[in-house]
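Visitor: Input: one structure, supplied below.
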Amino acid sequence: MLRSLIGPLAIIGIALTAWYGEVVVRRPARPGRIEITYWEKWTSFEGDAMRAVVDAFNRKQRRIYVKLLTVSGIENKTLMATAGGNPPDVAGLYGPNVAQYADDGAIMPLDDFCRKAGIARSNYIPCYWDICVYQGRVYALPTAPASTALHYNRRMLADAGLDPDQPPKTIEELDDYAERITRRDAQGRIVKAGFMPSEPGWWNWGWGCVFGGKLWDGGSRITANAPENIRAFEWIRSYSQKYGASDLQTFRSGFGNFSSPQNAFLAGEVAMELQGVWMHNFISMYAPKLQWAAAPFPHPADRPDLARQTFVDLDILVIPRGAAHPREAFEFIAYVQSQEGMELLCMGQRKHSPLINVSERFWRTHPNPYVRLFSDLARGPNAISPPKLPLWPEYGSELSNAFDEIALLKKTPAQALDAVQARMQPKLDQWLAIARKRQSAR
Amino acid sequence: MKREARTAYLFASPWFVGFALFLAYPLGASLYYSFCDYSVLRPPVWIGFLNFRNLAGDEVFWTSLRNTAVYAAMAIPLGMLTALSLALLLNTRVRGMTVYRTIFFLPSLVPTIPLAVLWLWVFNGEHGILNFALEYAPAALILALPTLVGVVVAGTLLSRGRTVAGNVAVAAAVVIAAASAWLAFGPPDWMQRLHGVIRLPTPNWLSDTAWSKPALALMALWGAGNAMVIYLAGLQDVPTEMYEAAELDGAGWWARTRNVTVPFVSPVILFNGIMSIIGALQVFAEPYVMFPGGSPARSTYFYTMYLFDNAFIYHKMGYACAMGWIMFLIILCLTMLALRLSERHVHYQGG
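Order-wise, the sequence lines are chains A and B.
Okay, so the first sequence: first residue is 1 according to our numbering, each after it adds one.
Okay, so the second sequence: first residue is 1001 according to our numbering, each after it adds one.
Quick look at the structure:
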């Protein structure tokens, strides 16, 4: 009797569990509203800022409900979800992803949407808009941008007998300042450095641009070993030669994590660093007493045309191919592009706005004392961003490797950059051939 | 009978379905993609052997393969030797052995990522505990050596019943120990001077291209516990009468280990050997966390890291699949080689 009941009971149990699982997972959150999913990489206060924008949008209208999900490793997950045919409606990627993802057809062109919504290049600081464009079409729209400047420790400059109100203006001055600030202990170990090209190491690929070099001619040629690039890497090598490659290595290996009070700049171990607009957040979090200032990064003395250079980067919103509600997704993106939405976001993330028009209130209440500098640098003519090549991830890692080899004195700048050139040019040729084939097939 | 077979297949069907769906299909698909230009997002395009031809001329491919081979050559013998030695030590009859076994097994339970982050600090060139130990080890050893000799001499004398001489030796050992402690921790320049005379290298484990791979091999020992447990199980299977017989023949510890223990656990050694070949050639998570991009200068850029970058960062899935199949062939060949070479040296019980 009992035994014969076990089977049916088990089946009922399984069915109940399955049904309940479905109920729990697929709770229709807002009846009558179209729900769109939005994947974003940010956590912490930057994530909170994005959530505030999403909440504002959800409050503002009753037709669409944006569900924000924090996703780690967002590039891979968006890629896989798109390939699997089940992508989010909106994804928050990185600016340099545009070329690769657009070329792969992973993200939708937004030109028609933009035209209808009145969103155009003239609304934006040009360099940020251009990051969103690939081969003449808009594939993304900005969220929070970032630009870089020289950050320096006023106290360390003063201790070395330098005027903290006169930061270095040229690379040559920077080298001179660095030499005066650098200190060694009795055993000859470096204990304080004025400047290190390898710190923080996020723009190792880009030093050539600081010397006026280009990485790609925009057409069929990789220009990794252009004379300006070689000159830049010779400058990097000069640091290894002057201070000793292994001495610099030992010194650098003692640095703490970036996001900690042991950060080399925050701990007063390195006096001058190329850093982004975000650095102020870490200063106020971990070293609020640090006496610091920001100034445009120095340029080579013989190239005054390269003054006020800045590396610009951008977080972006894209609509993956195959998204369920592209129209509604764009409506949300368009709200983020409004001055109200954008300033809410950029104030929360404590960055400047990518929009050309900024409210007086934004400037007045912004916590970063140098926010205008970062905005002005991005508006200037010398904004640097990675070349718009689908091969960029590979090219970038080649350049970073060349940087390592040169800084460790394993290769001369010419050798290392020639190797990069020899490796990347055939890859570009191959890609161009495939692109041509695709074009003619169309 | 037929009905019974049907029931059997029905019960086994979850496995069949799972195997077909999650193993057989991906296996076949990856073989197909390895002959395609495939970015995951666009449909695959057949390109024949182009991926394999490109790989042959790909410098980074060869660098990553070489790095992996060098790492394996260091990690496999080191790991096997450590695991077997530990197992032999933990197979003796000492009180509280289960506690020791647990202690030595515990590290292999630590998840990979926290482990990698932790070892970043151990290996830190400036403040790492490893370099600290290396820096002070020679001086400390020299200072402690007389004490050790004194203790051994005292122990020998006492055990032979020479009480007076033994007690003198004990007193001497105590004095020497105190003196060396004073020398070591008292006047600091003594220690410093000794450092100048004898020095072990204190390399920048993480940023020196010559030391980054040894660092990883050293770190892999942390996971020796798994192999150790398998060895232990094998060791428990060695019949005690064999040891007794060997002892009657006058075999010492080394002769017993060499002629009884090792032949009996040889199948286990072979198994662990093959497993560590596979493990070492597929090393991924630790270097991926510890050395972004295989830094410094690609000295820790391993095969699986290049494969991963090709698949998910460069969107060259076809190329990555080709790399996957090459690695499969390499492991297959090495395993067959290991089986062939071991034929004469591995003894199966009752076989």
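Even for Gly, the Cβ is constructed at its ideal location relative to N, Cα and C.
Would you report the Cα separation of ASN1272 of chain B and TYR1348 of chain B, rounded to the nearest angstrom?
Guide: Approximately 15 angstroms, taken between the alpha carbons.
Visitor: When you compare the CB of ASN281 of chain A with every CB in chain B, is at least one pair closer than 8 angstroms?
Guide: So no, ASN281 of chain A is outside the interface.
Visitor: Could you confirm whether any beta carbon from chain A is found closer than 8 angstroms to the beta carbon of SER1064 of chain B?
Guide: Not one chain A Cβ lies under 8 angstroms of SER1064 of chain B.
Visitor: Just the Cα atoms here: how many angstroms apart are SER1030 of chain B and VAL1040 of chain B?
Guide: Cα to Cα, the separation comes out at about 12 angstroms.
Visitor: Which stretch, first to last residue, makes up the beta strand (DSSP E) that contains LYS67 of chain A?
Guide: Counting along the chain, the beta strand (DSSP E) containing LYS67 of chain A begins and ends at 64-70.
Visitor: Is PHE1104 of chain B helix, strand or coil when you go by DSSP?
Guide: Correct three-state label for PHE1104 of chain B: helix.
Visitor: What residues of chain A sit near ASN1051 of chain B, judged by a beta carbon separation below 7 angstroms?
Guide: Correct list: empty, because the minimum Cβ distance to chain A is about 12 angstroms.
Visitor: Going residue by residue through the segment 337-414 of chain A, where are the continuous alpha helix (DSSP H) segments of at least 4 residues, counting only ones entirely within it?
Guide: Qualifying alpha helix (DSSP H) stretches, in chain order: 339-348, 360-365, 371-379, 392-407.
Visitor: Would you give the residue range spanned by the alpha helix (DSSP H) that PRO1114 of chain B belongs to?
Guide: 1112-1123 is the span of the alpha helix (DSSP H), which, as asked, contains PRO1114 of chain B.
Visitor: Rounded to a whole number of angstroms, what is the C-alpha to C-alpha distance between VAL1283 of chain B and ALA117 of chain A?
Guide: In a straight line, the C-alpha of VAL1283 of chain B is about 50 angstroms away from that of ALA117 of chain A.
Visitor: Quick one: give me the first and last residue of the alpha helix (DSSP H) that SER1266 of chain B is part of.
Guide: That run of the alpha helix (DSSP H) goes 1262-1281.
Visitor: Figure out for me which residue from A:LEU68, A:SER440, A:PRO369 has the closest Cα to the Cα of TRP42 of chain A.
Guide: Out of A:LEU68, A:SER440, A:PRO369, A:LEU68 has the C-alpha closest to the C-alpha of TRP42 of chain A.
Visitor: Shortest alpha-carbon distance to GLN349 of chain A belongs to which of A:PRO145, A:TRP39, A:ARG62?
Guide: It is A:PRO145.
Visitor: Name the DSSP bridge partner or partners of GLU273 of chain A?
Guide: Answer is A:HIS151.
Visitor: Check distances from the C-beta atoms of the segment 1263-1296 of chain B to those of chain A and list, in chain order, the residues that come in under 7 angstroms.
Guide: Cβ contacts with chain A come from GLY1293, SER1295, PRO1296.
Visitor: Of all the options A:TRP363, A:GLY7, A:MET50, A:VAL66, which has the alpha carbon lying nearest to the alpha carbon of GLU35 of chain A?
Guide: With distances taken between Cα atoms, GLU35 of chain A lies closest to A:VAL66.
Visitor: Report the partner residues of PRO320 of chain A according to the DSSP bridge assignment.
Guide: Per DSSP, A:ILE107.
Visitor: Per DSSP, what kind of secondary structure is TRP1046 of chain B in: helix, strand or coil?
Guide: Strand.
Visitor: Please report the residue range of the alpha helix (DSSP H) in which LEU1130 of chain B lies.
Guide: Note, LEU1130 of chain B: alpha helix (DSSP H), 1129-1159.
Visitor: Assuming the contact rule is C-beta atoms closer than 8 angstroms, LEU274 of chain A and LEU150 of chain A should be a hit. Round their C-beta distance to whole Å, please.
Guide: Yes, they are in contact, since the Cβ atoms of LEU274 of chain A and LEU150 of chain A sit about 6 angstroms apart, within 8 angstroms.
Visitor: Could you name the residues of chain B that LEU408 of chain A contacts, counting a contact when the two beta carbons are closer than 8 angstroms?
Guide: Within chain B, the residues near LEU408 of chain A are THR1209, PRO1296, ALA1297.
Visitor: Using DSSP with H/G/I as helix, E/B as strand and the rest coil, what is GLN439 of chain A?
Guide: Of the three classes helix, strand and coil, the one that applies to GLN439 of chain A here is helix, per DSSP.
Visitor: For TRP1211 of chain B, does the three-state DSSP call read helix, strand or coil?
Guide: Three-state result, TRP1211 of chain B: coil.
Visitor: Taking only beta-carbon atoms, is LEU1041 of chain B less than 8 angstroms away from chain A?
Guide: Cβ-Cβ to chain A under 8 angstroms: yes for LEU1041 of chain B.
Visitor: Are the Cβ atoms of VAL1238 of chain B and VAL1265 of chain B separated by less than 8 angstroms?
Guide: Yes, these two residues count as a Cβ contact at 8 angstroms.
Visitor: My output table needs one value for GLY1351 of chain B: the three-state DSSP class, helix, strand or coil.
Guide: Reliability of the predicted coordinates at GLY1351 of chain B is poor, the pLDDT of 46 falling under 50, and the value obtained from them is presented with this limitation in mind. Coil, per DSSP.
Visitor: Against ASP404 of chain A, what residues of chain B qualify as contacts under a CB-to-CB distance less than 7 angstroms, listed in chain order?
Guide: Going along chain B in sequence order, the residues near ASP404 of chain A (Cβ under 7 angstroms) are SER1295, PRO1296, ALA1297.
Visitor: Reducing DSSP to helix, strand and coil, say where HIS280 of chain A ends up.
Guide: If DSSP states are grouped into helix, strand and coil, HIS280 of chain A belongs with the helices.
Visitor: Less than 8 angstroms between the CB atoms is what I'm expecting for MET196 of chain A and TYR128 of chain A, so what's the real figure, rounded?
Guide: 29 angstroms between Cβ atoms; not a contact.
Visitor: Would you list, in chain order, the members of the segment 247-265 of chain A that have their beta-carbon closer than 8 angstroms to a beta-carbon of chain E?
Guide: Absent from the structure: chain E. Protein chains present are A and B.
Visitor: Should ASN204 of chain A be labelled buried (16 or more other beta-carbon atoms within 10 Å of its own) or exposed?
Guide: Burial call: buried.
Visitor: Kindly identify the DSSP beta-bridge partner or partners of TRP292 of chain A.
Guide: Its beta-bridge partners are A:ASN153.
Visitor: Do you know how far the Cα of PRO1077 of chain B is from the Cα of CYS1333 of chain B?
Guide: The alpha-carbon atoms of CYS1333 of chain B and PRO1077 of chain B are separated by roughly 19 angstroms.
Visitor: State the start and end residues of the unbroken beta strand (DSSP E) segment that holds THR37 of chain A.
Guide: Looking at the DSSP string, the run of the beta strand (DSSP E) that includes THR37 of chain A is 34-40.
Visitor: Can you tell me the Cα-Cα spacing of ASN1067 of chain B and VAL1153 of chain B, whole angstroms?
Guide: In a straight line, the C-alpha of ASN1067 of chain B is about 48 angstroms away from that of VAL1153 of chain B.
Visitor: Any idea which residues DSSP pairs LYS192 of chain A with across the strands?
Guide: LYS192 of chain A is bridged to A:ARG183.
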